[in-house]
Amino acid sequence: MDSYHEPIRDIAHLGHVELLTPKPDESLRFFKDILGMEEAGRAGQSVYLRGWGQYERYCMKLTESKQPGIGHTALRTYSPQALERRYAAIEKSGYGIGWTDGDIGHGKSYRFMDPDGHQMEIYFEAEKYQAPEHFRPALKNQPQKYTGKGVGVRQLDHINYLAQKVEPNSQFMQDALGLRVSEQIVLDNGTHAGSWLYAGQKSYELVYTLDATNRRGRLHHITFCVDSWDDLMRAANIYVENDIVIEGGPAKHAIQQTLFLYCFEPGGNRIELATGGYFIFAPDWETVTWTQAERAKGQAWRTPTIPSFHTYGTPVVEE
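Laid out in structure tokens, this is it:
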């Protein structure tokens, strides 16, 4: 126990993501009509969307852009003091950009980049969602009633970035933000091919995986959670009926043990639905390391890993 380091617990959770799309109308219809998300505001070329279980006003900012991909990722801190501490740590790293006055639904934020070039921000002040009468739930400990619309996603679950090099990004998140690694992939040559990071008891919210195209700053996918395996099966049927391309699943991941379903939204971004997984209660959790040979076996039920997983991301790389 002599090597045990006191954890930094300044980051509470993944707050929201900004997703870029070259087809704003089609993408918006997908998230509202197919996934069942609700509109929570508009500003400029952006629409703010929420899942029914989100306690904040929104979890995704959908922004019109020439190319698909990720605009920025936002993490909420535990307190104003935590925000200042993480600001100071990021400034020392040299990856800081500067303060903003905030956006719809949250107060001032500090913008920065990770080593791979993905833009991020941290904030504390947040607007809690207040359900209008027609969305008021029967249970007062639930932010909004379940509407049964489309897939009916509950909330934003995690984001997976593609990275030219995984280890520098993972280490930056640990050093500057205090995130911890629950699981990782290390290849035979010592290269880190994947790193799953967490802040609280949920076993992962940010993921970095190796970009086989050797590019920087791309998005692999964003994920929304549903309540059960039955919801995934229902979602697959909804996708087929609406000509949404399914890339993989329903199946079960070996890493993190989540049940999954992947598709592509009209703008070209990969979207995952997930349920299951596990929580981390041990304060001294030891990172689970997967070898190259172990990962070659495929997913939990020996389902082969989809080849496009290692190459496809947004913005799309032309062959």
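Each step along the sequence shown adds one to the number in the numbering used here, with nothing skipped, and position 60 is 63.
Heads up, the beta-carbon is just placed ideally off N, CA and C, and yes, glycines get one too.
CB contact flag (residue i, residue j, <8 Å)
i	j	result
V302	G279	Checking the sequence, you will find Gln at residue 302 rather than Val. Taking 8 Å as the Cβ cut-off, Q302 and G279 do not qualify as a contacting pair.
T80	A129	no
G74	V156	no
A254	T306	yes
D160	G316	no
G251	P71	no
L23	F34	no
A92	Y126	no
I225	V20	yes
F227	L276	yes
I37	I162	no
Where residue i falls: helix, strand or coil (DSSP)
i	result
E128	coil
E321	coil
H109	strand
D287	coil
R331	In the structure as shown, the chain begins at 4 and stops at 322. Residue 331 is therefore absent and cannot be evaluated.
R298	helix
M4	Interpretation of M4 is limited by its pLDDT of 48, a score under 50 that renders its predicted location unreliable; the figure taken from the coordinates is listed afterwards. Reduced to three states, the DSSP call for M4 is coil.
P10	coil
F175	helix
I37	helix
H121	coil
R32	helix
Counterpart residues of residue i in DSSP-defined beta bridges
i	result
A277	C228 and F263
L23	T66 and G72
A15	According to DSSP, which records beta bridges pairwise, A15 is partnered with nothing at all.
V154	DSSP lists no partner for V154.
W304	In DSSP, W304 forms no bridge with anything.
I249	C266
N163	V210 and H224
A254	F263
G44	Y51
Distance cut-off 7 Å: residue i Cβ against heavy atoms of the ligand FMN
i	result
Y90	This structure lacks the ligand FMN, and indeed carries no ligand of any kind.
Q. Unbroken beta strand (DSSP E) runs of length 3 or more, entirely within the stretch 50–95: which are they?
A. 63–67 and 72–80
Q: Determine contact between the stretch 55–71 and the stretch 107–123, defined as no fewer than three beta-carbon pairs at a distance below 8 Å.
A: yes
Q: At 3 residues or longer, and completely inside the stretch 194–242: list those beta strand (DSSP E) runs for me, N to C.
A: Unbroken beta strand (DSSP E) runs of no fewer than 3 residues, entirely contained in the stretch 194–242, are found at 195–201, 209–213 and 221–228, following chain order.
Q: Report yes or no: do the stretch 198–218 and the stretch 134–150 share at least 3 C-beta pairs separated by less than 8 Å?
A: no
(Q) I'd like to know if the stretch 284–291 and the stretch 41–60 are in contact, where contact means that at least 3 CB-CB pairs between them fall below 8 Å. (A) no
Q. Quick one: any contact between the stretch 116–125 and the stretch 217–225, if contact means 3 or more CB pairs under 8 Å?
A. yes
Q) How about the stretch 165–184 and the stretch 196–206: do they share at least three Cβ pairs that are nearer than 8 Å? A) yes
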